[in-house]
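In the numbering used here, each residue's number is its place in the sequence shown (first place is 1) plus 3. C-beta: ideal position from N, C-alpha, C; glycine also. In this text the structure is predicted, and so the values were computed from the model without any measurement.
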Amino acid sequence: MRLSITSFLIEVSNQNRYDLERLTIIYSQKLPMKGNCLCKAVAIEAQPEKEVSVCHCGMCRRWGGGPLLCVHGGSQVRIEGIENVTTYKSSEWAERGFCRLCGTHLFYKFMQGNEYILPVGIFQEDSDFELKEQIFIDQKPSYYSFSNPTENLTEAEVFAKYAPPAIE
Ligand SMILES: [Zn+2]
Ligand SMILES: [Zn+2]
Numbered sequence: 004m005r006l007s008i009t010s011f012l013i014e015v016s017n018q019n020r021y022d023l024e025r026l027t028i029i030y031s032q033k034l035p036m037k038g039n040c041l042c043k044a045v046a047i048e049a050q051p052e053k054e055v056s057v058c059h060c061g062m063c064r065r066w067g068g069g070p071l072l073c074v075h076g077g078s079q080v081r082i083e084g085i086e087n088v089t090t091y092k093s094s095e096w097a098e099r100g101f102c103r104l105c106g107t108h109l110f111y112k113f114m115q116g117n118e119y120i121l122p123v124g125i126f127q128e129d130s131d132f133e134l135k136e137q138i139f140i141d142q143k144p145s146y147y148s149f150s151n152p153t154e155n156l157t158e159a160e161v162f163a164k165y166a167p168p169a170i171e
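This is the structure we're talking about:
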């Protein structure tokens, strides 16, 4: 294989850019978001996330009495008081966690990959959240609606965008 000088230079500069991005991420890392349930038996820490999504699906509305407003917590979530968390497997691929003492909803977790979706309401020290996206918009009942300008996805669009092929 013959590597031309231009492609070599491109590779080197991409490598540098990657290192620089990584350094920027390391140095700009903020303190984790901290939240807790009503009775404070459970505390949750996650990496800072500003973008809030709303889920209008029937399961979320049944679970919480209204749409679920949540942030993406990733897989690096720290839970204190885990002995007070009860989980309910709500589908083949996810479970929902709540405080067994006060009932506060704590997370929606994809079992594969350990990805947490966290109700934004448990994080009340952070106030600069921004409503970015509404999912399962086609399942939203007509008696409420958010006026925030957001990206709106139907059920089919959500599965096309987020679902791994295995669970389609
Ligand atoms: Zn509690
Ligand atoms: Zn939902």
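According to DSSP, residues forming a beta bridge with residue i
| i | result |
| --- | --- |
| Lys92 | Glu98 |
| Gln142 | Note: Gln142 sits in no beta bridge, so no partner. |
| Leu134 | Val55 |
| Val74 | Val55, Leu121 |
beta-carbon residue i near ligand 1 non-hydrogen atom, thresh 8 Å
| i | result |
| --- | --- |
| Thr107 | yes |
| Leu121 | no |
| Lys37 | no |
Close-in-space but distant-in-sequence residues of the same chain around residue i (CB under 6 Å, 5 per side omitted)
| i | result |
| --- | --- |
| Ile82 | Ile47 |
| Glu52 | Val74, His75 |
For residue i, three-class secondary structure by DSSP
| i | result |
| --- | --- |
| Tyr165 | helix |
| Val45 | coil |
| Cys174 | The chain is shown only over 4 to 171; residue 174 falls outside these bounds and no answer can be derived. |
| Asn87 | helix |
| Gly68 | coil |
| Glu158 | helix |
Close Cβ partners of residue i (< 7 Å) along its chain, the five nearest in sequence each way excluded
| i | result |
| --- | --- |
| Glu128 | Lys37 |
| Asp131 | Lys53 |
Ligand 2 heavy atom lying under 8 Å from the CB of residue i
| i | result |
| --- | --- |
| Phe139 | yes |
| His59 | yes |
| Leu71 | yes |
| Met114 | no |
Below-9 Å beta-carbon distance, residue i vs any chain C residue
| i | result |
| --- | --- |
| Gly68 | In the structure shown, chain C does not exist; there is a single protein chain. |
Residue burial classification, residue i (beta-carbon count within 10 angstroms, cutoff 16)
| i | result |
| --- | --- |
| Phe139 | buried |
| Pro144 | exposed |
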